[in-house]
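Written below as structure tokens is the structure these notes are about.
2 protein chains.
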Amino acid sequence: MTAVRNVLFVMCDQLRRDFVSCYGGSPVETPNIDRLAARGVRFDNAFVQAGVCGPARMSFYTGRYVNSHGATWNRVPLSASEWTLGDYLRVAGRTAALAGKSHVLPDRQALTRFGIELESERAAMLREGGFFVVDRFDGHTPPGPESGYADWLRTRGYDSADPWSDFVISALDGHRVVSGWNMRNAHLPSRVEEAHSETAYMTDLALDWIRAQASTPWVLHLSYVKPHWPYLAPAPFHKLYRRKAIGPILRGPQDGTADEHPVVRAYREHDECVSFAREDVVRHVRPAYMGLIAQVDYHLGRVLDALESMGRLRDTLIVFTSDHGEFSGDRGLGEKELLYDEIVRVPLIVMDPDARADATRGKADARFVEGIDVVPTIIEALEIPGSPHRVEGRSLLPLLRGEVPTQWREAVFSELDYSFRRARRVLGHGVRDCRAVMVRTGEWKYIHWEGFRPQLFDLAADPHEQIDLGADPRFETIRMGMREWLFDWLATSKRRTTVDDALVEARTDAHRAHGVHIGIW
Amino acid sequence: MTAVRNVLFVMCDQLRRDFVSCYGGSPVETPNIDRLAARGVRFDNAFVQAGVCGPARMSFYTGRYVNSHGATWNRVPLSASEWTLGDYLRVAGRTAALAGKSHVLPDRQALTRFGIELESERAAMLREGGFFVVDRFDGHTPPGPESGYADWLRTRGYDSADPWSDFVISALDGHRVVSGWNMRNAHLPSRVEEAHSETAYMTDLALDWIRAQASTPWVLHLSYVKPHWPYLAPAPFHKLYRRKAIGPILRGPQDGTADEHPVVRAYREHDECVSFAREDVVRHVRPAYMGLIAQVDYHLGRVLDALESMGRLRDTLIVFTSDHGEFSGDRGLGEKELLYDEIVRVPLIVMDPDARADATRGKADARFVEGIDVVPTIIEALEIPGSPHRVEGRSLLPLLRGEVPTQWREAVFSELDYSFRRARRVLGHGVRDCRAVMVRTGEWKYIHWEGFRPQLFDLAADPHEQIDLGADPRFETIRMGMREWLFDWLATSKRRTTVDDALVEARTDAHRAHGVHIGIW
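Going down the list, the protein sequences come from chains H and G. The opening position of the first sequence corresponds to residue 135 in this note's numbering, with each subsequent residue numbered one higher. The opening position of the second sequence corresponds to residue 135 in this note's numbering, with each subsequent residue numbered one higher.
Rendered as structure tokens:
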């Protein structure tokens, strides 16, 4: 039996589950993701805790729901009090390294209050969400000083103060340089060679770093910024799916109608929804998105090959997932955020090298799993003590190793805080009144919206969430039951995080031992 | 018009609302509390956020519900990320001083993680919950190094390594020294002179400190450890109410019966409930409790006299309250914790020196107010900017100044985590499964208990909460409505605390200005 010595936690950004071929029905071929699935377990019902990068990732990194860690939106700092994967590993003398995107923003206000210099050595861990930074690049803005990408590009001949803007997300239309921000240019190849693209760069870095570890055990978060927008792929991936089948474009009978949910309707005013509501835009952009997926798959193949040649597939736990999905014009919507399955149901594949997992290799597991399960899975695999007083996820190791855990969860939860979005102004809401919480069982999805009627979908009869039953009087009993799920979830979220369970147990009914005598005659 | 320059926030420990004479029906005379009420507003429906010191105080000091600050029990450290009164004042260059009890425990784990030495200057603020410590004494254990009380006692002739144990909570029974821990000794006077008692000591210190501030504006939390147990009063207060009327002893038809709530029944096995279930014990102990109240009242009188002579009643906002109540044998129960009105409904009097408050002087206000309202009241009175993204309480200034605030709250909330108590073991519950949340409107009190049926009381028909309707099928609709209150409360608690509302407003729909273009054609 080979114990887990290393962990490779691969995250894509905005990769839809049904655009991964092992999940079935994908218009994109992803032979390398499929190869990983053949060696591990493909979770068919994996859900993220938010439909947007920041909060979803903070849940991945803390093992806690958004309602618990509080970083409800992109660039909302993760509270300095939240423990992340890196903290749990550090207690055991291990380190969580990062190559790529984390989207962590430092809690500057807390650092100031604690008298800690932001640039100090001590602050590094708090600044980077517990990660040791090999290279950090969050994507979709020019890489900052935490990344060597800009310099690396310049040494390869991309002569610019901002080679990312001028080459990576730019294209040539004839002799004219055009921007990848404009989706009309999605058919053109990026001005970087494929080998110099974001995905290639980060893969190279990760492999170099892994090789440099030699026989030292390691934990690496390889976090790709793709297939997230800007939708511009390098050649040859830019044309791989041009004029090919792009999969169905889902349209619902309620799209944009008066009986559609008010928040969804407000979202339709966002630029990305205005654009993606046009079928010609979808047909133009999806091939680029698909090409970017194929490119990520190609580089995952390089990673798997390298690990195999190093003998590391034998002792490395590999987690592959995405922070959320993407609408790509389904429902006439663009991008993400709203809590439909295209967004919150993600690919999640875990390859456990331990012999105890041999029986589940290549299988699919339909049980409900969540992004918050990654931290407890990693710490259990490395035999590091868990922190059940804080972590709200559950280790997936029992599922991987064919055990039958008692009382596995029967519902998953995801959240949205759209305070930062134009929809809030469209609806005239205050900055603290824009919360939604989803509970999804195998049969029903219920979304509580602050200040609005709920959404309800009958997933058995309507798996594509076409008919919103949130206001249908026939489903009042169902809605009440789903609301009870949410009540219990809210009422049991983990708040008492400054003492662990062992301490509570030791202190139970222990006042007499400390010389405090209450109410004795 | 005189602006508020100073704040005196007086807290008693375990003072019952109906043992304060201005609230009516009290068996104790409290002329000085009444005198304060005559100059300010007496809140008739003031509720604390927990029925035990630690969590209730952390709510007073943070302005947040227990479910938000997470310090659910005594000696559970307040998270280093929580802002307290002291933090809010510090931003404006002010300081919150403490004379007495705070019950704050430092979040040592966080300080270690942040690389901060517990004893460092920088840690002082975090160690003490934001307070500048004039003298800190939490009561009911020998005073530690944060208090000068033990030394002070020794200089006054109490010759002992532990003068608190040997004198303050000891008595002479004939020539034999007996302990105040044993309630059988409650009729005896403490071995300290009244002028050397805890209440006298802290009052002296507070007045000296106030005098020393001269013309510098100040904020002082004068926090008495009394009338909390041990039930031993110094002469002459020990015998003030001996053989006098002690008020009714409330007994209910369901006390200890099979249809009583399981958690309440489990509490009956605690020492203090076994003792207080005996009427002879109640009759023996209550006079000492009442004497301790009369003593606190006497010293409040000294404070008011001193402030008056210094001219400080003209520019000092005074808040007088208690962290929770006490059963004192009502319902056959002892001490506190459970969410009956004897425990969670407390005295709260606020005297605002501002001329705009003249019209409300001497009046009672029946609106629902909570312990979490004290922080926003103080910061508004001092004209310090509030932090509505964190603080969950509301300033009481509009009520004091005769304004009619829109949408004042119609319910109050309080919580219990009995994980640390013997009742948990009696019930066989785990350390994370012992939570209760109360919502109380003018008409109903509903308590959600994790793993048990709820409690429900019809306060109009049954103001003393004698008949628990939590399992009565006739009240299912009421219970559902009350559960909705709780749902909304849980779903709107303030989680996004690392960014303020102004930042959210400024960043709303602002990605284009930062060069990020989403979904444009």
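Here a beta-carbon is modelled for each residue, glycine too, at the ideal position from N, C-alpha and C.
Beta-carbon gap between residue i and residue j smaller than 8 Å
i, j, result
"Ile518 of chain G", "Tyr222 of chain G", "yes"
"Thr333 of chain H", "Lys360 of chain H", "yes"
"Gly585 of chain H", "Asp567 of chain H", "yes"
"Asn319 of chain H", "Ala305 of chain H", "yes"
"Asp551 of chain G", "Arg630 of chain H", "yes"
"His355 of chain H", "Ala231 of chain H", "yes"
"Val154 of chain H", "Thr164 of chain H", "yes"
"Met259 of chain G", "Gly653 of chain H", "no"
"Ser357 of chain H", "Met145 of chain H", "yes"
"Arg150 of chain H", "Glu469 of chain H", "no"
"Phe248 of chain H", "Phe248 of chain G", "yes"
"Leu384 of chain H", "Asp475 of chain H", "no"
"Val437 of chain G", "Leu341 of chain G", "yes"
"Asn166 of chain H", "Arg446 of chain H", "no"
Coil, strand or helix - residue i by DSSP
i, result
"Glu517 of chain G", "coil"
"Val162 of chain G", "coil"
"Asp269 of chain H", "strand"
"Thr114 of chain G", "Past the boundaries of the shown model lies residue 114 of chain G; chain G is included only from 135 to 655, so the question cannot be answered."
"Pro368 of chain G", "coil"
"Met135 of chain G", "Its pLDDT being 49, under 50, Met135 of chain G is placed unreliably in this model, and the coordinates cannot settle the point."
"Ile654 of chain G", "strand"
"His97 of chain H", "This structure cannot speak to residue 97 of chain H, because chain H is shown only from 135 to 655."
"Arg176 of chain G", "strand"
"Asp168 of chain G", "helix"
"Asp152 of chain H", "helix"
"Asp635 of chain G", "helix"
"Ala498 of chain H", "strand"
"Pro607 of chain H", "helix"
"Tyr199 of chain H", "coil"
"Thr511 of chain H", "helix"
"Pro189 of chain G", "helix"
Neighbour-count burial assignment, residue i, 16 or more Cβ in a 10 Å radius
i, result
"Ser254 of chain G", "exposed"
"Ala190 of chain G", "buried"
"Trp542 of chain H", "exposed"
"Lys378 of chain H", "exposed"
"Leu252 of chain G", "exposed"
"Ser349 of chain G", "exposed"
"Val311 of chain H", "exposed"
"Glu537 of chain H", "exposed"
"Ser553 of chain G", "buried"
"Pro323 of chain G", "buried"
"Val182 of chain G", "buried"
"His309 of chain G", "exposed"
"Arg608 of chain G", "exposed"
"Thr511 of chain G", "buried"
"Thr632 of chain G", "buried"
"Met614 of chain G", "exposed"
"His433 of chain H", "buried"
"Thr337 of chain G", "buried"
"Gly649 of chain H", "exposed"
"Asp507 of chain H", "buried"
Beta bridge counterpart(s) of residue i as assigned by DSSP
i, result
"Glu504 of chain H", "H:Phe181"
"Asn140 of chain H", "H:Thr450"
"Ser324 of chain H", "H:Ala305"
"Met145 of chain H", "H:Ser357 and H:Thr455"
If we require 3 or more residues per run, which beta strand (DSSP E) segments fall completely within the region 204 to 247 of chain H?
As for any beta strand (DSSP E) of minimum length 3 sitting wholly inside the region 204 to 247 of chain H, the runs are 231 to 234, ordered along the chain.
Runs of beta strand (DSSP E) wholly within the region 525 to 591 of chain H (minimum 3 residues, chain order):
Here the runs fully enclosed are 546 to 551, 569 to 574 and 578 to 583.
Ranges of the alpha helix (DSSP H) found wholly within the region 408 to 493 of chain H, counting only runs of at least 4:
Annotation note: the region 408 to 493 of chain H contains the following uninterrupted alpha helix (DSSP H) runs of length 4 or greater, listed N- to C-terminal: 413 to 444 and 475 to 478.
Inside the region 344 to 398 of chain G only - beta strand (DSSP E) runs reaching at least 3 residues
With a minimum length of 3 residues, the continuous beta strand (DSSP E) runs that stay inside the region 344 to 398 of chain G are 353 to 361.
What are the uninterrupted segments assigned as alpha helix (DSSP H) that are 4 or more residues long and contained completely in the region 270 to 315 of chain G, given in chain order?
Fully enclosed alpha helix (DSSP H) runs of 4 or longer: 283 to 289.
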